[in-house]
Each structure stands twice: as structure tokens, then as C-alpha cells.
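Chains as they are written, first to last, in numbering that gives the first Met the number 0: chain R, 0 to 275; chain L, 0 to 536.
First up is the structure itself, then whatever we jot down about it.
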Amino acid sequence: MQKKKSFFRKNVVFTIFAVLAILVILTAVFAPVICGERDPYEGDLAQSIMKPSAEHPFGTDKMGRDVFTRVLYGARVSLLSTFILVAVIFVLGAILGVVAGYFGGAVDAVIMRIADMMIAFPGLVLAIAVAGILGASIRNAIIAITIVSWPKYARLARSLVMKIRHTDFVAAATVTGSKTMYMLRRYMFPNTLTTLVITAATDIGSMMMELAALSFLGFGAKAPTPEWGYMLSEGRNFMQNAPWMMIFPGLAIFITVVIFNMLGDGLRDILDVRSE
Amino acid sequence: MKKATAILLVLVLAIGLLAGCGSKTADSSPAGADSGASSSASSGEKALTFGCQMYSDGMICPWMQTNCAWNCMRYGISESLFEFDDNSQPVPCLAESIESSDDHLTWTIKLKSGIKFSNGVEMTATKVKAALDYVREKGPEGSSTPENFLEFDAEVTADDANNTIVIKTVTPYVNLAGNLADPAMAIVDYEGTGANYENGMIGTGPYMVKEFHTQVGYDMVKNPYYRTEVPFDSIKILFMGDASAKANALLAGQIDLAENIMSVSDLKKLQDDAGFTVDIAAGVRCGFSWMNFNGVLANDDLRHAVLMAIDYDTICHSNTIGDLYTPGFSVLPSGMGYGYETLNNPWSYDPDGAAKLLDDAGIVDSNGNGIRELDGQDIYLKYVSYENRLLNDFSDAHTQYLNKIGIGVTSDYGSSDDQWNKLVAGEYDLNNNNWNHLIAGSPTTYLGNWCSTNSANYCGYKNEEYDKLYEQLVDELDSSVRLELLKKMQQILIDDGVAVIDGYYNSCMVYNNKTVGSAHIRPNDYYWITADITPAA
Chain R
0 MQKKKSFFRK
10 NVVFTIFAVL
20 AILVILTAVF
30 APVICGERDP
40 YEGDLAQSIM
50 KPSAEHPFGT
60 DKMGRDVFTR
70 VLYGARVSLL
80 STFILVAVIF
90 VLGAILGVVA
100 GYFGGAVDAV
110 IMRIADMMIA
120 FPGLVLAIAV
130 AGILGASIRN
140 AIIAITIVSW
150 PKYARLARSL
160 VMKIRHTDFV
170 AAATVTGSKT
180 MYMLRRYMFP
190 NTLTTLVITA
200 ATDIGSMMME
210 LAALSFLGFG
220 AKAPTPEWGY
230 MLSEGRNFMQ
240 NAPWMMIFPG
250 LAIFITVVIF
260 NMLGDGLRDI
270 LDVRSE
Chain L
0 MKKATAILLV
10 LVLAIGLLAG
20 CGSKTADSSP
30 AGADSGASSS
40 ASSGEKALTF
50 GCQMYSDGMI
60 CPWMQTNCAW
70 NCMRYGISES
80 LFEFDDNSQP
90 VPCLAESIES
100 SDDHLTWTIK
110 LKSGIKFSNG
120 VEMTATKVKA
130 ALDYVREKGP
140 EGSSTPENFL
150 EFDAEVTADD
160 ANNTIVIKTV
170 TPYVNLAGNL
180 ADPAMAIVDY
190 EGTGANYENG
200 MIGTGPYMVK
210 EFHTQVGYDM
220 VKNPYYRTEV
230 PFDSIKILFM
240 GDASAKANAL
250 LAGQIDLAEN
260 IMSVSDLKKL
270 QDDAGFTVDI
280 AAGVRCGFSW
290 MNFNGVLAND
300 DLRHAVLMAI
310 DYDTICHSNT
320 IGDLYTPGFS
330 VLPSGMGYGY
340 ETLNNPWSYD
350 PDGAAKLLDD
360 AGIVDSNGNG
370 IRELDGQDIY
380 LKYVSYENRL
390 LNDFSDAHTQ
400 YLNKIGIGVT
410 SDYGSSDDQW
420 NKLVAGEYDL
430 NNNNWNHLIA
440 GSPTTYLGNW
450 CSTNSANYCG
460 YKNEEYDKLY
470 EQLVDELDSS
480 VRLELLKKMQ
490 QILIDDGVAV
500 IDGYYNSCMV
510 YNNKTVGSAH
520 IRPNDYYWIT
530 ADITPAA
């Protein structure tokens, strides 16, 4: 118990933002409880574009929907899609990077040249192009950002694997008959894990921003999904006359991104030996 | 010493930054807005900047697409032999007069003399014939449907000596002048235009293309051969798809004139500002969503339930639409004298009735996922729409109402081109658009959209009685008989539930009083930039 206490005291930033992150996740999970019977999809046109009031603390949008409800439900869509995106990039990038670093030669060349091609374009521009071809949806936005983001993880994993690929303990494992899959699973992948986890944690915020950006531009979530980027886009036309339609989803993105960025930094401070 | 130098550098940098901010503030101050976008006015040149929606990538070739034909006329490049006045009646433009034979099969049109195209070529009777022949020859390659205005079999003969053309048709036309006023029938110099027909069409209008900027707009200059004094030396046309962008650009003085500000709050702000004039015309446009009879909406009960589920009055009177549309249930606008008051709407707003209709028809949610099923499949209607004239807002509102009775909707919003292409290809269940019903000064062509034998029937609707009435309407010359036919046809379309009617749209033109003296939007919004738009005194 004392050990736990000292861990939290020693890592104050991580502790604070971990608690806040949990709160955000709990808000998303319990959105239906917090919002009561209010449905984020159901509006009343007679109540459209109403200022914040006791009945609608964040006001109403152009379809007469309660912005507070939509912001809370938006956390579900935005967080879930971001976690899926980061997980997919993590797994894909790690596998390709480890394979490239371990096998080298033609396998390495092919994987890395594809990665180089992806990196050669500005990320969001390429993601917009991909999402434009695939069509607007959250799923396609995740695919688009995955396509442009996996090289970062692959390059990282590859360099970490290459660092140990020709070390003595790997050679010893090889001569003692360890099979390739075992080598990858037992030695290569665990060696990359810490760095990749830190990278993934610090990427949550930026990935959330990229997903919101695609939705804002019309390449992600579609009407009437309560997604923060899409809500910003919907509120854009009313920015001067009904600013609450942009302010609250914007604040939600801002707060969540800050929390997850700081959480990532805190996690890096704990896991990254170089920062000690 | 180093410290002092550093401080000095920082100070210089700070002063430089402040000076930069200061000069920028001066440029973008209200004074900048007051002077409007016509910055070159100080050099003696009268310039105008016009913000408008982009249709069909801004192309201006009349035979290619309806939108292209409209663009050409809206930008002040092309003119037709006749034009529509404020009462939507065709009056002479490039023509001087028109006479018809008693059987309405032979039409003699006297042309105005001294008209020249913007390349200096004289508009002779032969040139007029060439334009009318060419658009029909190329018509099948495009989608302007010129045959709807002048049949393929019509024969045009030119008499240069008397400056007249004679048009002989196989079928009688009620008033050919109205047909020839359509932008698709514009008199342009196809031969003189050459290869740059998409963005460099040569017409007789007050302005001509100087340069086209893809996805940005046109630089226009005055046509030196125009028959009267052209008010502006140059006009910059800027494409602005965003409803608020036009309003904000007007308020910031970046543009002088804009068509159709579609955000209610923006429009109200401009109306309340003494620096701007808002000119509104009661519309000839109807916003409606096609229902695709080749899909799930072929089911009568489902279609009728869709119509009953939507509260049209509340939508039109909401803060979102703000009465920019007048609610109605017929495809023809209520205030145009087509007997709207005599029509009966069996599908008025009744969500409980809609639910019961579906229940009775066995279209129920049997798997408990909140969506009703038809033939074992969840009903998800594909709703195609685009951001113009509040169409996406209508589509969102319809979606909301449909969800309430257990009908799912998948939104498919894109550009106007996407919407059009999906309409033509039949890739939709509901397809929202906004049409001018007075094509060629008559609702006949527009009503052809629901005639099963018409090339413009994009929804697969078929009703033999309607088809017969439409054929009668095409040939009927007596106005009282035509009115009765129109009433019957409207009632059939209402009874069959062929379209979700958004409402009847009111067009507007907004201008900065400091730079524009007058600008007027006509009910037929083929006309945006005209020689009637004048600079402020």
C-alpha cells in the first residue's frame, strides 16, 4: 500500500491525468445515465438554435437537439474511434516493423519503401485523399489515418529490433534452436513494446484531432452522428450567431486532447528510462 | 554590450511587429469594408466582386449540362432570344418580335439589329440558326435536354437579308418565346469559341471571360461590343459554397454582391445593416426530394408513411429554415395560380397515422433494433443531398422525423455534381434538390420529370393517367384547359406521393450599398450578373 502511495506521489502528473482520463472515459460510458432520457439523435425543430438555458445547458443545434447530450454521447464516438485507431496503428506498425527489422533484406526493403512512400506525403492531406476515395464514414476515416500513420510505428519498431538483432543473446537463442516465431514473440516484440506504448499514449491526442479534422472536413462521421469534429462542422455556419454550437464540442476536444497528451507525457516519464 | 544589442534587437522586432499589425488593422478596418471589394475603383476602373455558388465546376457550355447553360447566363456571358421578366413572362431580348401561325407550328422571329458577340462577330440570322442547330445536335451528348425546348425535328431557316429566322415545328408550341428564353437555347458563337468551350464560351452578354481559375472563379471584363453601355469594367466571380462565407465576405468588404445568402441569421443581420440591401423575390423554385420508385420506396405504404411522418410547417418556420421556404405539398409552388387551394393532401403530417400505416402493412420492427423491416431487410433509405439552399438542413430534418417512426436513413451528402450524377444514375432512395419549375416560362417541362416516357424521369415513377394528361398538356394551347390539366396532374402526384416537398424557395440578392447602386434578383434566377447591376453613384 505504501509502495502504491509513493508511486502516485512520485508521479503526480501521471496520477492526476490518469484520474481525469478515467473520468472522461466514465463520462462516455455513463452518458445515457447522465443525460437521462435525452436522445442525442432526437430533436425538435421548433426548439432549434436556442441559447443555453436551464433546460438545455449547452443550447440546442440546428435540428433542435440538445448540445449537452450530443457532446456527452460524442465522447463515446470520439474516444472509441480514437482508441481503435491507435490500437490498429500500434499493432500494424509493430508487426510490420518487427518483421522488417528481423528479416532484413528484401522484406525490409519492400516494407520500408512503402513506409517511405506514405511518409513522403503530408499526413492529413493523404488521409483526406484516401477518405475521399473510400467515402465519408468513421470507419473509413480510421482506415485513412491508419494508412498514413503506421509507418511511424513500423520505423520505430524496426530500429529497435535492428539494435538487438545481431547481439550475442539473439545469436545464442538462434544456435540453441529457437524458431522464428518464438524469436519474434519472445525477444523482438517485447523489446519494442515500451517505446511503442509510450508513442501510442502520446499519440492518442493527436489521433483524436486528426479524426475530428476529417469529420470536420466531411470525410469522417456523417449526419446525424454526435461526433465532436462533425458537430464543429455543423456549428461552423452559425459561428457568429449561435457560437455555443461550436464552443462546447470544441472545448470537449480541447480538454480531452490535453488530458490524453499529458497522460502520455506522464506515462513516458514513468516508462522511459532515458528520462530518469 | 551583447545584452544591450539583444535588447535593441528585440525592441526593433517588437516595433516592427506592432507596425505590421497596425498597417494590417488599417487595411482590414471597417473603412476597408466600407469601400467594398472594388479596390480598383480608385484607379478609375469600375470593378465588382461577386460571390456565388459553384455549379458543375463553373463550366459554361450550354449543351453540356443544365447547370452549365445556367452558369453561362448567370455570369452575364450568354443571352437568349427572349428573357423572362419579373412576372416570369418571356419578353424579347436578342429578338425584336415573334409571330406565330394560327396552328402554332410556324414561328417567325425578327432579330434585333447591330448585336455582336464578344469576339466582334455580328449576330446574324445564320449565326442564330447555327446556335439553335448546334445545341440540338450536341444535345444527346450532354444533359441540357435542348429537345425539351425545341424539338429535334424543328427546322430553323435563316434570312440574313431581313434579319429573321423562321422555325417550323412538327408539334405545336404554346409559346415558343418561353422555350427559346431557356439558357440552354442561348445564342452563343459555338464556332468562334472553338476548343475552350467549357470555360471560354463566347456570347452576346454584357461581360466576357478573361480568365478562369479552377474551383476559384472567373475574371470577367466588359464586352466591348455590347449594345449598350456596360456598367462595370471588370467583374471577379468567386465561387463560395459555404452559406456563411458569402455573408461574412460581404460584411468584411471582400465581395460587393452575393446571391442567395442561405443562413437565416446571416440574412437577418444583413437586412438590419443599413450598409447593405437585400433584394428578395418570391420564388419559382420548389425544393423537393425525389423518391426512387426503382428501390424500396416503390412500396406505396412506405412512401405514404414517409410523407406523413414529416412536419413540413414546423421545419419551414424553424430558426434553421427561417421561412426562407414556404411550406406546401404540391410539386408546383402554391402562389403561382395553379389551383393549389383546390388540391387535397391525404398525406399531411400525422406521425401516429404513419406508424399505423406501416404496422398495418406489416412493415414492422420484428428484430427490436428500432428499424422497421421490409421483405426481411432493415429499411435504411439512402438520402442524397448537397449543401445549397438549405437542402442539407431539410434532409437532416426529414431524417430526424423518419427515425421517429422507425425508418433508418443513410446520409449521402456531397457536391451538386454528386447529387446530379446519383439522380441520373438512380443511386438513391431520396434525392434532395431545388428546381425552377418555370422552365421555358411554363411548368410543362418540369412536370415531365414524372412522365414515364420522358428522358428527364429520373425516379422511375409511372402512372398511365398522368402520362396521358402530360401529353395533353404538351399539346394544349387553351390556358383554362391547361389549368385544369395542371390541377389533375398535381393531384395525381400528391395522391401517389412522388416527392417529399421541402417548400417553395425565395431567392435573394444582397449587395454593399457603398459599391453597388442597384442589383435585382428576378423570380427566374437564370439572371445574376446583368447590365442592370450598376455601381454606386
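Don't be surprised by glycine CBs; every beta carbon is placed ideally from N, CA and C.
At least one CB of chain R closer than 8 Å to the CB of residue i: is that the case?
i, result
"L:Ile532", "no"
"L:Asn505", "no"
"L:Pro29", "Confidence is the limiting factor: at L:Pro29 the pLDDT is only 35, short of 50, which leaves the residue's position unreliable, though a coordinate-based value still follows. Not closer than 8 Å to any Cβ of chain R, the Cβ of L:Pro29 fails to qualify, so no."
"L:Asn402", "yes"
"L:Gln489", "no"
"L:Trp399", "It should be noted that the sequence gives Gln, not Trp, for residue 399 of chain L. By this cut-off, L:Gln399 is an interface position."
"L:Thr319", "yes"
"L:Asp395", "yes"
"L:Ile260", "no"
"L:Ile539", "Past the edges of chain L, shown from 0 to 536, lies residue 539 of chain L, and the structure says nothing about it."
With a Cβ-Cβ cutoff of 8 Å, do residue i and residue j count as a contact?
i, j, result
"R:Glu209", "R:Ile144", "yes"
"L:Lys167", "L:Ala153", "yes"
"L:Val503", "L:Pro345", "Per the sequence shown, the amino acid found at residue 503 of chain L is Tyr instead of Val. Contact: no."
"L:Arg388", "L:Gly286", "yes"
"R:Leu262", "R:Ala200", "yes"
"R:Tyr40", "L:Asn318", "no"
"R:Asn139", "R:Ala130", "yes"
"L:Asn222", "L:Pro89", "no"
"R:Ala135", "R:Lys221", "yes"
"R:Leu123", "R:Ala212", "yes"
"L:Ser506", "L:Arg284", "yes"
"L:Ala124", "L:Thr163", "yes"
Could you tell me whether the Cβ of residue i comes closer than 8 Å to any Cβ of chain L?
i, result
"R:Met116", "no"
"R:Ile15", "no"
"R:Ser52", "no"
"R:Phe218", "no"
"R:Glu275", "Confidence at R:Glu275 is low in this model, with a pLDDT of 48, below 50, so the placement of that residue should be treated as unreliable; the coordinate-derived value is given next. False, the Cβ-Cβ gap to chain L never drops below 8 Å."
"R:Ile48", "yes"
"R:Pro225", "no"
"R:Met245", "no"
"R:Arg8", "no"
"R:Ala45", "yes"
Taking the alpha helix (DSSP H) that residue i belongs to, which residues open and close that run?
i, result
"L:Ser394", "390-403"
"R:Ala251", "243-270"
"L:Tyr504", "Per DSSP, L:Tyr504 belongs to no alpha helix (DSSP H); it is in the beta strand (DSSP E), 498-511."
"R:Pro189", "188-215"
"L:Asn162", "Here L:Asn162 belongs to no alpha helix (DSSP H), and DSSP marks it neither H nor E."
"R:Phe168", "167-174"
"L:Asp433", "It is Asn, not Asp, that sits at residue 433 of chain L in the sequence shown. Per DSSP, L:Asn433 belongs to no alpha helix (DSSP H); it is in the beta strand (DSSP E), 429-435."
Considering residue i, what are the terminal residues of the beta strand (DSSP E) in which it resides?
i, result
"L:Ser517", "515-517"
"L:Phe49", "46-51"
"L:Ser288", "275-290"
"R:Met49", "Segment: none, R:Met49 is in no beta strand (DSSP E) and carries neither H nor E."
"L:His212", "206-212"
Given residue i, which residues of its chain have a CB within under 7 Å of its CB, disregarding the five upstream and five downstream residues?
i, result
"L:Ile236", "Phe49, Cys51, Tyr74, Gly216, Tyr217, Met219"
"L:Ala40", "The predicted model places L:Ala40 with a pLDDT of 47, which falls under 50 and marks its position as unreliable; any figure quoted below should be read in that light. So the list reads Ala46, once near-sequence residues are dropped."
"R:Leu266", "Phe13, Ile197, Ala200"
"L:His212", "none"
"L:Leu468", "Leu484, Lys487, Met488"
Quick check on residue i: buried or exposed, where buried means 16 or more other Cβ atoms within 10 Å of its Cβ?
i, result
"L:Ala244", "buried"
"L:Val169", "exposed"
"R:His165", "exposed"
"L:Glu82", "buried"
"R:Arg8", "exposed"
Leaving out five residues on either side along the sequence, give the residues of the same chain with a beta carbon under 8 Å from the beta carbon of residue i.
i, result
"L:Asn456", "Gly447, Asn448, Trp449, Cys450"
"R:Val169", "Ile163, Met182, Tyr186"
Could you tell me whether any non-hydrogen atom of the ligand ZN is closer than 7 Å to the CB of residue i?
i, result
"L:Gly240", "As for the ligand ZN, it is missing from this structure, which has no ligand bound."
For residue i, I'd like the list of residues in its chain whose CB is within less than 6 Å of its CB, leaving aside the five on either flank, ordered along the chain.
i, result
"L:Leu296", "Met290, Arg302, Asp428"
"L:Tyr196", "Cys60"
"L:Asn161", "none"
"L:Leu422", "Asn430, Tyr457"
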